[in-house]
Amino acid sequence: MEILEFTLTPFMMNCFVLKDGGEAIVIDPGEATPELKAAVADSDVKMIFNTHCHIDHVGGNAEMVEATGAPLVCHAADLPLLRSVAQQGMMFGVSVPPSPEPDRLIEEGETITIGSVDLKVVHTPGHAPGHVVLVGDGFVFGGDVLFQGSIGRTDLPGGSFDQLIQSIKTKMLTLPDETIVYCGHGPATTIGAERAGNPFLV
Numbered sequence: 319m320e321i322l323e324f325t326l327t328p329f330m331m332n333c334f335v336l337k338d339g340g341e342a343i344v345i346d347p348g349e350a351t352p353e354l355k356a357a358v359a360d361s362d363v364k365m366i367f368n369t370h371c372h373i374d375h376v377g378g379n380a381e382m383v384e385a386t387g388a389p390l391v392c393h394a395a396d397l398p399l400l401r402s403v404a405q406q407g408m409m410f411g412v413s414v415p416p417s418p419e420p421d422r423l424i425e426e427g428e429t430i431t432i433g434s435v436d437l438k439v440v441h442t443p444g445h446a447p448g449h450v451v452l453v454g455d456g457f458v459f460g461g462d463v464l465f466q467g468s469i470g471r472t473d474l475p476g477g478s479f480d481q482l483i484q485s486i487k488t489k490m491l492t493l494p495d496e497t498i499v500y501c502g503h504g505p506a507t508t509i510g511a512e513r514a515g516n517p518f519l520v
């Protein structure tokens with residue numbers, strides 16, 4: 319198994335590629351850079367996966383779908399966000415290409431398999447209504463739920479501080495302490511480190 323990280327867009331968001339057994343998944347393509355495209359050129363890309371549909375995480379959807387032929391996947395509760403990327407861009411003064419419609423809507427409890435790696439889908443609303451994380455064996459792609467020493471912002475449309483804290487406590491902090499959290503912004507952390515020292519959770 320190989321996990322690649324790409325820091326993209328003016329928002330400095332983290333896009334991840336997980337590769338195993340000749341297959342790959344692209345998680346949150348904020349933009350479709352040549353480096354990102356090259357990283358998956360040798361793989362059968364099984365899906366383009368949005369943990370949530372804020373502009374900084376979906377700006378490369380159209381180009382990556384076109385480049386790979388892979389289906390686009392997100393949670394149904396984030397469809398309004400996905401369909402409003404142009405309006406979101408106006409809020410921040412940036413231009414973002416529209417995203418295609420998803421080919422598949424994901425739900426909590428489903429399992430995505432890439433090569434020999436199983437990723438469990440867990441619904442974690444609060445930062446966005448349809449936010450989901452992907453839990454593997456010893457790691458989680460956490461999107462914008464939990465950061466090193468911080469949490470996702472809740473002042474955007476559809477955000478809820480109380481809901482986010484609930485998601486973190488009931489969905490993230492139930493994972494083992496040694497679980498690596500690959501965050502949507504900033505460095506990776508662990509569940510144990512955030513349980514012990516995150517000021518929003520202590």
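Residues in the sequence shown are numbered consecutively from 319, following our numbering. Even for Gly, the Cβ is constructed at its ideal location relative to N, Cα and C.
Confirm the yes/no value for this check: CB of residue i, any heavy atom of the ligand GTP, distance under 8 Å.
| i | result |
| --- | --- |
| H503 | Among the components of this structure there are no ligands whatsoever, and the ligand GTP is therefore not found. |
On the CB-based measure, 16 or more other CB atoms within 10 Å of its CB, does residue i come out buried or exposed?
| i | result |
| --- | --- |
| A306 | Since the first residue shown for the chain is 319 and the last is 520, residue 306 is missing from the structure and cannot be characterised. |
| K489 | buried |
| T497 | buried |
| M319 | exposed |
| E419 | exposed |
| T369 | buried |
| G515 | exposed |
Return helix, strand or coil for residue i, following the three-state DSSP convention.
| i | result |
| --- | --- |
| V344 | strand |
| E426 | coil |
| D436 | strand |
| F319 | A small fix is needed here, since residue 319 is Met in this sequence, not Phe. In this structure, M319 counts as coil in the three-state DSSP scheme. |
| D396 | helix |
| V383 | helix |
| T351 | coil |
| V358 | helix |
| T488 | helix |
| V520 | coil |
| T431 | strand |
Need the endpoints of the alpha helix (DSSP H) that residue i sits in, please.
| i | result |
| --- | --- |
| I483 | 479-485 |
| M409 | 403-410 |
| D374 | 373-376 |
| A511 | 509-515 |
Straight-line CA distance for residue i to residue j?
| i | j | result |
| --- | --- | --- |
| A385 | K355 | 7 Å |
| G339 | S434 | 7 Å |
| L519 | I483 | 8 Å |
| A359 | V335 | 12 Å |
| T472 | Q481 | 9 Å |
| T325 | T431 | 24 Å |
| T351 | V376 | 13 Å |
| Q405 | G387 | 26 Å |
| M382 | T492 | 33 Å |
Alpha carbons only, please: which of the options is nearest the one belonging to residue i?
| i | options | result |
| --- | --- | --- |
| D462 | G456, D360, I486, G454 | I486 |
| K438 | C392, V458, G411 | V458 |
| G407 | R471, D374, L452, V383 | D374 |
| E428 | T327, G510, V453 | V453 |
| S417 | P505, E349, G504 | E349 |
| G476 | P420, L400, F410 | L400 |
| G411 | F329, L390, A511 | F329 |
| Q316 | I509, I424, L474, E426 | A query on residue 316 cannot be resolved here, the shown segment of the chain reaching from 319 to 520 and no further. |
| G504 | N332, K364, G470 | N332 |
| A446 | I345, G456, F479 | F479 |
In the DSSP assignment, the beta strand (DSSP E) including residue i goes from what residue to what residue?
| i | result |
| --- | --- |
| N332 | 331-338 |
| L452 | 450-453 |
| G461 | 457-461 |
| V499 | 498-501 |
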